[in-house]
Structures are given as structure tokens and as C-alpha cells.
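So the structure is just underneath, and the comments pick up after that.
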Amino acid sequence: MRYNTRLKSISFGVLISTGMLTAPVSAIVTRHDKPAEQYLASKTDFPPLATFYNIGVHGTLIAPEWVLTAAHTVFCLNPGQIIAVGDESVEVKARYSYPSYKLGEQNDLALIQLARPVLSVEPAKLYRRQDERDQELWFIGSGGTGTGLTGETIGYKENNGVLRKAQNKVVAVTQSDLRFVFESGEKGLELEGVSGNGDSGGPAYLKKEDGYYLLGVSSRVDSWFKDVGEYGVKELYTRVSSHANWIDKVMSADDAERAKLGSSDGFLQPGMTAENLPAICASISLKPQS
Numbered sequence: 001m002r003y004n005t006r007l008k009s010i011s012f013g014v015l016i017s018t019g020m021l022t023a024p025v026s027a028i029v030t031r032h033d034k035p036a037e038q039y040l041a042s043k044t045d046f047p048p049l050a051t052f053y054n055i056g057v058h059g060t061l062i063a064p065e066w067v068l069t070a071a072h073t074v075f076c077l078n079p080g081q082i083i084a085v086g087d088e089s090v091e092v093k094a095r096y097s098y099p100s101y102k103l104g105e106q107n108d109l110a111l112i113q114l115a116r117p118v119l120s121v122e123p124a125k126l127y128r129r130q131d132e133r134d135q136e137l138w139f140i141g142s143g144g145t146g147t148g149l150t151g152e153t154i155g156y157k158e159n160n161g162v163l164r165k166a167q168n169k170v171v172a173v174t175q176s177d178l179r180f181v182f183e184s185g186e187k188g189l190e191l192e193g194v195s196g197n198g199d200s201g202g203p204a205y206l207k208k209e210d211g212y213y214l215l216g217v218s219s220r221v222d223s224w225f226k227d228v229g230e231y232g233v234k235e236l237y238t239r240v241s242s243h244a245n246w247i248d249k250v251m252s253a254d255d256a257e258r259a260k261l262g263s264s265d266g267f268l269q270p271g272m273t274a275e276n277l278p279a280i281c282a283s284i285s286l287k288p289q290s
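Note that the sequence shown covers residues 1 to 290 in our numbering.
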């Protein structure tokens with residue numbers, strides 16, 4: 001094991017001899033001492049959830065034509081790519097990542113502009129107050145699953161897109177990030193859990209009387225001797241309140257100004273190249289919802 005400050009990303013292995021592609025991922029990881037069915041979720045638990053690929057990977061609808069996600073998830077989100085928001089399939093128009101972001105580092109945030117507005121889902125509100133510490137938030141996502149004792153034991157293919165949700169408490173904040181720790185036993189919340197690689201870009205959120213609030217975006221882990229999903233692992237979510245001004249500027253700008261405010265980099269994951277990326281994207285792309 002080693003010190004990890006690494007993306008909750010998708011690790012691709014391209015099997016050149018067969019042309020097949022495998023993409024091991026993990027998703028919401030739960031307590032070992034709570035019934036697994038208590039963590040099951042549905043779209044109604046967080047209606048503004050967006051899903052990018054058939055292996056998971058998420059974002060949040062924050063305006064009818066805009067989805068907020070992690071910059072490290074955008075490698076296949078090119079114009080024309082189909083994503084799902086609620087029961088709708090919608091094409092990507094453009095992507096704008098935080099201008100100073102570098103793969104695996106802080107400010108892991110991107111805005112996805114949609115080709116048309118999504119009107120069947122109420123967008124989440126941006127959390128703008130900087131009082132996140134000690135708040136108990138919810139995560140949601142699809143992919144594989146497991147427990148804090150075992151890590152992932154069910155892969156995304158076996159899970160077949162089942163959504164799960166979990167709680168966790170913000171234990172610390174920085175200018176860029178919210179920090180969470182996966183606690184066990186009496187230290188953990190009733191439905192304590194963490195997200196995993198297949199949940200990248202997904203939300204840390206609150207539900208209030210006036211709707212859903214987005215506080216964080218799933219980014220990466222930051223732990224000594226811990227893998228994603230193990231008890232004690234530390235997770236970092238990009239802090240929405242610190243980036244709200246940039247988000248507002250991008251959404252309100254014209255196309256020429258947006259190009260100056262954000263990066264269009266695809267942030268290719270390890271194992272991805274310009275040559276194999278089209279095959280990777282084709283294999284994980286969503287089909288239009290009927």
C-alpha cells in the first residue's frame with residue numbers, strides 16, 4: 001500500500017488482442033453492520049442526478065442547460081455525447097473545466113453545457129454559505145459496491161446500474177475541498193458510507209424545504225495506507241461554495257467569453273490515448289432512453 005492522493009477515476013485496460021475493454025469501478029461503499037437494502041436509492045432521492053456513462057460517473061443539474069461535475073470525468077463528454085438527467089436523454093453541447101485544474105489535483109470541477117434545456121427536473125441549488133464543516137451530507141451513485149471491511153466485492157456489471165446513497169459528515173474544509181472520513185461503529189452515522197470510482201463527479205448534497213442543495217462534487221481520495229472504500233479512508237469533494245463565482249460567470253457568459261473562462265481539456269485517464277479513446281467512449285456511452 002502507499003500514500004494516496006489520487007482520483008476516484010476509472011481505470012481502463014484495453015485488451016488489444018481481443019479489442020475488448022474492461023473498466024473496473026466501485027461505487028457507494030457501505031457499513032458492514034447495516035442491511036444492504038437500507039442503502040438502496042432511486043432517482044427520486046436526488047432528481048437532479050446526471051449519469052454520463054454505462055459504468056456510472058455522475059454530475060448534477062444546476063440549471064436547465066447546465067450540469068456540474070468533476071473535471072476528471074469529462075474525457076468522453078464531447079459535443080453530441082448523450083447523457084441522462086432524470087428520465088431524459090440529452091446531448092452535450094460543450095464542456096468547460098476550471099482553468100487551473102490539473103489531473104489529480106484540487107479545483108476538480110467542470111460545467112457541461114447541454115444542447116437543450118432539461119425542464120422535467122428541478123435543478124439543484126448551489127450552496128453558497130461557507131459553513132459546511134460538521135454538516136451531515138448525502139452521497140448517491142451507481143456502479144459496484146462493497147463494505148468498509150472488504151472494499152468493492154460487486155462490480156459494476158453485476159450491479160447493473162443500481163443506485164445507492166449514504167451519509168457522511170464534513171470533518172474539515174479547505175478553500176478548494178470538503179473532507180470526509182469513512183468511520184465505523186459508533187463513530188459512523190446510521191447510514192455511513194463513501195463514494196468510489198464509479199461515483200466520480202457525483203454530489204454531496206442536502207435536502208431542504210425549498211429543494212436540493214449541492215455542497216460538493218466527488219473528486220479524489222487522500223489517505224495513508226487506505227484504498228477507496230476502506231474504513232478510515234479520507235475523501236475529498238470539490239467545494240461548491242468556493243467556486244460559485246466561477247460557475248456563475250461561465251453560465252452567464254457568451255460562448256467567446258466562456259472559452260476564456262474555462263478549459264476544454266479532456267483530462268485523459270491513465271491508459272487512454274488519442275488512438276484508443278474513440279473505442280473507449282463507444283463502449284461506455286449511454287443509449288438514448290426510450
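Cβ atoms here follow ideal geometry from the backbone N, Cα and C, with glycine treated the same way.
{"query": "Measure from the alpha carbon of I140 to the alpha carbon of each residue in V173, S218 and F267, then state which is nearest.", "result": "S218"}
{"query": "Looking at C-alpha atoms only, which residue of T51, E186 and Y96 is the closest neighbour of I107?", "result": "Inspection of the sequence shows that residue 107 is occupied by Asn rather than by Ile. For the residues T51, E186 and Y96, the minimum Cα distance to N107 belongs to Y96."}
{"query": "Compute the Euclidean distance between the alpha carbons of Q81 and H72, then round it to the nearest angstrom.", "result": "16 Å"}
{"query": "So, V92 versus I112, is the Cβ gap smaller than 7 Å?", "result": "yes"}
{"query": "Indicate the three-state DSSP secondary structure (helix, strand or coil) for S11 in the structure shown.", "result": "Summary for S11: the model assigns pLDDT 48, below 50, so the residue's position carries little reliability, and this model does not support an answer."}
{"query": "Are the beta-carbon atoms belonging to V90 and L68 less than 7 Å from one another?", "result": "no"}
{"query": "Using 7 Å as the limit for Cβ to Cβ distance, is S263 near chain B?", "result": "Although the question refers to chain B, the structure presented lacks it and comprises just one protein chain."}
{"query": "Just list the residues that DSSP pairs V67 with in beta bridges.", "result": "L61 and I112"}
{"query": "Can you say whether H243 is buried or exposed, counting buried as having 16 or more other CB atoms within 10 angstroms of its CB?", "result": "buried"}
{"query": "How long is the line joining the alpha carbons of Y101 and A124, rounded to whole angstroms?", "result": "24 Å"}
{"query": "For the stretch 117-175, list the beta strand (DSSP E) runs that are entirely contained and at least 3 residues long, ordered along the chain.", "result": "136-142, 145-147, 151-154 and 163-173"}
{"query": "Can you tell me whether DSSP reads P203 as helix, strand or coil?", "result": "strand"}
{"query": "So does the stretch 186-199 actually touch the stretch 258-273, counting three or more Cβ pairs closer than 8 Å?", "result": "no"}
{"query": "Which residues bound the beta strand (DSSP E) around I83?", "result": "I82 to V85"}
{"query": "To the nearest angstrom, how far is the alpha carbon of K303 from that of T147?", "result": "This structure cannot speak to residue 303, because the chain is shown only from 1 to 290."}
{"query": "State whether the stretch 281-289 contacts the stretch 51-62, with contact taken as three or more CB pairs (one from each stretch) at a distance under 8 Å.", "result": "yes"}
{"query": "Expressed to the nearest angstrom, what Euclidean distance is found between the alpha-carbon atoms of N245 and Y98?", "result": "12 Å"}
{"query": "Run through the stretch 228-275 for me and flag every whole alpha helix (DSSP H) of 4 or more residues, listed as ranges in chain order.", "result": "240-252 and 255-261"}
{"query": "Identify, in the order they occur along the chain, each residue of the same chain with its Cβ nearer than 6 Å to the Cβ of A282, setting aside the five sequence neighbours on each side.", "result": "none"}
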